[in-house]
Structures are given as structure tokens and as C-alpha cells.
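Notes follow once the structure below has been shown.
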Amino acid sequence: MMAAFLLLSLVKPMFRPKGEKHWIIPDAYIPPTSAGSLVSHESICVLNCSSEEALLRITIFFEDREPIEDILYVVPPRRTKHIRTSTLNSKGMSIPADVPYAIEVCSDIAVIVQYSRLDATQAENALMSVIAYPIK
6 MMAAFLLLSL VKPMFRPKGE KHWIIPDAYI PPTSAGSLVS HESICVLNCS
56 SEEALLRITI FFEDREPIED ILYVVPPRRT KHIRTSTLNS KGMSIPADVP
106 YAIEVCSDIA VIVQYSRLDA TQAENALMSV IAYPIK
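In our numbering, each residue's number is its place in the sequence shown (first place is 1) plus 5.
This is the structure:
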């Protein structure tokens, strides 16, 4: 009986949902230029460990204008999706370069969200990559 309890206590965490449903990236920025062969860009990287697809709803917030809302993406089961922020658009609105903004990612199931920025505005490139802030 004790062995079964110990085995269950080891196995149970494996079946917990991995990630969260609500994520925030407060510091986003698409560099306006690139130098050399690499192109400045940002990506929202989403990992779906679940056996069901994840429906994402992305909102972009700005300092001086209304948000861009209802940007939808699907991440297939047990897959990743790398979303270039320069491709995000809704109702004809997209994110301009050289403007600071923030990102909210909501999912109908738990996922893991990472944010990466490659700044190639000069020969010495800069890469920033962070796990987004999960809202519980």
C-alpha cells in the first residue's frame, strides 16, 4: 500500500497541466533597422505540452494609442509556435517598428510562453530572451 502511494506521488506531478493560461510581456519593441546579414526581429515562442490544441488570443498595448486586440493563433497539440511580432495584425492594424509596447497572451489551456528579441541595428548584435510573466 505504501509503495503504491509513493509511486502515485511521483507520477501525479507528471499529469499536471504544464504552464499557465495568461501571460504578460511588458517590454516589447521592434528595432527599426538592421545592419549586416541578420534582420532585427522579435518572437513570441509558445510551447503546448498538452494533447489538445491551444487557442491563443493576443492583445498588444501601447503608450499612446488603443490596443490591438483579438489576434488569434492556434498551437497544435505537443508542438511549438514561433510568432514573429511583426506579423501580428487585427482589423488592419499592426505593430509599428521603433515603438515600445506590451503583449498579453491568453490561452484556453495551459501553455508556456517565451519572448525573444534580436537587435541587429549594429554589427554587434544583441539577443534578449526571457520567459514571459505568468498570471495565476
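Beta carbons: idealized from backbone N, C-alpha and C, even for Gly.
For the beta strand (DSSP E) holding residue i, just list the boundary residues, first then last.
i	result
residue 69	Note, residue 69: premise wrong, no beta strand (DSSP E); not H, not E.
residue 119	106 to 124
residue 84	84 to 89
residue 50	46 to 53
residue 32	25 to 33
residue 136	131 to 136
With DSSP as the reference, identify every bridge partner of residue i, one or two as the case may be.
i	result
residue 61	78 and 112
residue 94	99
residue 139	28
Do residue j and residue i count as a contact pair if the criterion is CB distance below 8 Å?
i	j	result
residue 114	residue 22	yes
residue 90	residue 50	no
residue 75	residue 99	no
residue 80	residue 61	yes
residue 104	residue 28	no
My assumption, with CB atoms under 8 Å, is that residue i sits in contact with residue j. Please give the rounded CB distance.
i	j	result
residue 117	residue 33	Contact flag wrong, Cβ pair sits at about 18 Å.
residue 112	residue 47	Going by Cβ atoms, the distance from residue 112 to residue 47 rounds to 19 Å, so no, they are not a contact pair.
residue 106	residue 140	Actually they are not in contact, since the Cβ atoms of residue 106 and residue 140 sit about 18 Å apart, beyond 8 Å.
residue 142	residue 41	A query on residue 142 cannot be resolved here, the shown segment of the chain reaching from 6 to 141 and no further.
Would you check if there are 3 or more beta carbon pairs closer than 8 Å linking the region 125 to 132 to the region 52 to 61?
-> The region 125 to 132 is not in contact with the region 52 to 61.
Stretch pair the region 36 to 43 + the region 63 to 82: three plus CB contacts closer than 8 Å = Judged by Cβ distances under 8 Å, the region 36 to 43 makes no contact with the region 63 to 82, as fewer than three pairs qualify.
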